[in-house]
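Contents: one structure, followed by commentary.
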Amino acid sequence: MRFLEKFAKVPISSPCDIVITSGAGYPLDTTLYQAIKGLVGALPAVKDGGTIIMAASLSEGLGGGEFSRALLETDNLNDFMEDIISGLRFVIDQWQIEVLARVLRKADVMLYTSGLAGSLLKKIFAEPISSVEEGIERALERHGKKARIAVIPKGPYAIPYVAA
1 MRFLEKFAKV PISSPCDIVI TSGAGYPLDT TLYQAIKGLV GALPAVKDGG
51 TIIMAASLSE GLGGGEFSRA LLETDNLNDF MEDIISGLRF VIDQWQIEVL
101 ARVLRKADVM LYTSGLAGSL LKKIFAEPIS SVEEGIERAL ERHGKKARIA
151 VIPKGPYAIP YVAA
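Oh and the sequence shown: position 107 is 107 in UniProt numbering, straight run, nothing missing.
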């Protein structure tokens, strides 16, 4: 474990207002199902109420049938989670929607991709952006020009942690 920590753990002084990340490229960003791992990797680095900007190709769309169907049928992630917790709903691959809900409870997500239309991105609770630069500009408008920014080039491969 210590051997791997040298390569994967990245100390930060405190969570940031804005985190820029990616799905780590092919094959990890070909579907939203896979790219969500990059969002999860950003969680320790982003403040509550912060913004995660992610670039991912999503060249193969959302992902598997059950995941895609469940995500597109979900109008409210909080309701989805309540149904899961209460046992009213069980969906194959629901755990990845649960993970997405956890991300969105903590931060807004802006997504740069050529693989999905902007209208579909909104349906899956992401804010579409036409470039990472546009995402940075929008996030700075929200959080102020002095916002702290972290960059995690290959999201799933880094484990940020607040150093004591």
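No residue lacks a Cβ here, since even glycine has one placed at the ideal position from N, Cα and C.
Put simply, the segment 90-100 does not touch the segment 147-158. Fewer than three CB pairs are less than 8 Å apart.
For Ile-124, there is no enclosing alpha helix (DSSP H), as DSSP marks it with neither H nor E. Collapsing the DSSP output to three states places Lys-146 in coil. Contact check for His-143 against Ile-12 fails: the beta carbons are separated by 9 Å or more.
Its Cα nearest to that of Ala-101, the residue Phe-80 stands out among Ile-52, Ser-22 and Phe-80. With a 10 Å radius around the Cβ and a threshold of 16 neighbouring Cβ atoms, Pro-160 comes out buried. Assigned with DSSP and collapsed to three states, Lys-37 falls in helix. A residue is called buried once 16 or more other Cβ atoms fall within 10 Å of its Cβ, and Tyr-33 is buried on that count. Between Ala-55 and Asp-83, the alpha-carbon positions lie close to 31 Å from each other. Buried is the label assigned to Phe-125, since at least 16 other Cβ atoms lie within 10 Å of its Cβ. Excluding its 5 nearest sequence neighbours in each direction, Gly-64 has C-beta neighbours in its own chain below 7 Å: Tyr-33 and Asp-93, listed in chain order. Taking 9 Å as the cut-off, the beta carbon of Gly-38 is found closer than this to the beta carbon of Gly-23.
With contacts defined by Cβ atoms closer than 9 Å, Ala-42 and Val-103 form a contacting pair.
Out of Ile-52, Asp-48, Val-46 and Ser-14, the CA that lies nearest to the CA of Leu-111 is found in Ile-52. Excluding residues up to 5 positions away in sequence, Ala-101 lie with their Cβ nearer than 8 Å to the Cβ of Asn-78 in the same chain.
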